[in-house]
Amino acid sequence: MKTKAALCFRCLFSFLSACLCLLAAPAFAGTEAAPAGAAREILSVSWQPGYCAARPKSRGCADFSAAGPAAKRFSLHSRFQIRNSYCGVEADLQQRARKGKWTELPEITLASGTRERLLAAMPAARIGLDRRQWLKSGSCLATSAEAYYSRSLDLLDQLNASPLPALFSGKAGGVMTLAEVRAAFDAAFGPGAGERVRLACRKTAGQPVVIGLTIGLAAGEGTLSALIGGAVPVKSRCTEGIAAVAGAR
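Residue numbers (mature numbering (1 follows the signal peptide of the UniProt record, and there is no 0)): -29 to -1, 1 to 220.
Shown next as structure tokens:
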């Protein structure tokens, strides 16, 4: 009798435990699964109208034109791992990368299609920024420059396919607020996405000018929406800035 009673008790306990687990589990039906955990990567993008207005002497702005495609979409600056850089890169090469003579760094091997995409998406690749960013950041995220840049460009394409570029273009000559940008991210990539975004600004003539964005991402594969959703909320030092008119210097 005691054995039967014990078995019944164990069965009842297991059943109740299973019910409690089901009740405690969050309801994600109908939503995209996102990698769990803190933001382990940052996607850094520049808004060339603002960047070149704030830094007109930058070598990456030499060919910038208000009529060019870079005036209407985000450009790739970097994708990097938090508090990690130059993974497996010898000290001498690190020093060369830090000195700024990027065209003297080793060339990176990319498929012709990836090279074309990168030159269109990263204006400063013409002066070797792609080589420097591969050594500094890509070395910690991928086994090859091809894998690093093809993935970064895929994420950038998803950002540029959203309403965000139109928001930035539409604010040209006015003030852009962090609240507006975050609301647009929520609408484009899901509730809470905006809390993973920082506004990048640079002071020019005493006023902050919006030069780009940094976007927190979870590690791993997935869509931009899923990776943003898997990151943690962040605070942004810049809460508003001038949205420069393309071509203004």
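Think of the CB as a built atom: it goes at the ideal place given N, C-alpha and C, for glycine as much as any other residue.
Would DSSP call Cys(-9) helix, strand or coil? Residue placement at Cys(-9) cannot be trusted, given a pLDDT of 37 that sits under 50; the coordinates are not used to answer.
Give the C-beta separation of Ala96 and Leu89 to the nearest angstrom, bearing in mind that I take them to be a contact with Cβ-Cβ under 8 Å. 5 Å
Residues in the same chain with beta-carbon distance under 6 Å from Tyr22, minus the five sequence neighbours each way, listed in chain order, please. Ile182
In chain order, which continuous runs of the beta strand (DSSP E) of length 3 or greater are located wholly inside the region 27 to 90? 46 to 52
When you compare the region 36 to 47 with the region 68 to 82, are there three or more beta-carbon pairs, one atom per stretch, that lie closer than 8 Å? no
Between the alpha carbons of Asp125 and Asp63, how many angstroms are there, rounded? 32 Å
Evaluate the contact criterion for the region 173 to 180 versus the region 126 to 135: three or more CB pairs, one atom per stretch, below 8 Å. no
Among Tyr119, Thr85 and Ala68, which residue has its Cα nearest to the Cα of Ile98? Ala68
Let me check one thing: in DSSP terms, what residues is Ile213 bridge-paired to? Beta-bridge pairing by DSSP links Ile213 to Val146 and Val180.
Taking only three categories from DSSP, how would you classify Gly208? What sits at residue 208 in the sequence shown is Arg, not Gly. Per DSSP, reduced to three states, the secondary structure at Arg208 is coil, with no helix or strand assignment.
If we count the other Cβ atoms within 10 Å of its Cβ and call it buried at 16 or more, is Pro20 buried or exposed? Pro20 is buried by the Cβ-count criterion.
Under a three-way DSSP split, which group does Ser133 fall into? coil
If you reduce the DSSP assignment to three classes, tell me which class Ser115 lands in. Reduced to three states, the DSSP call for Ser115 is coil.
Can you have a look at Gly59 and say buried or exposed, based on whether 16 or more other CB atoms are within 10 angstroms of its CB? exposed
Buried or exposed by the 16-neighbour rule on C-beta atoms within 10 Å, applied to Gly177: exposed
Under a three-way DSSP split, which group does Ala95 fall into? helix
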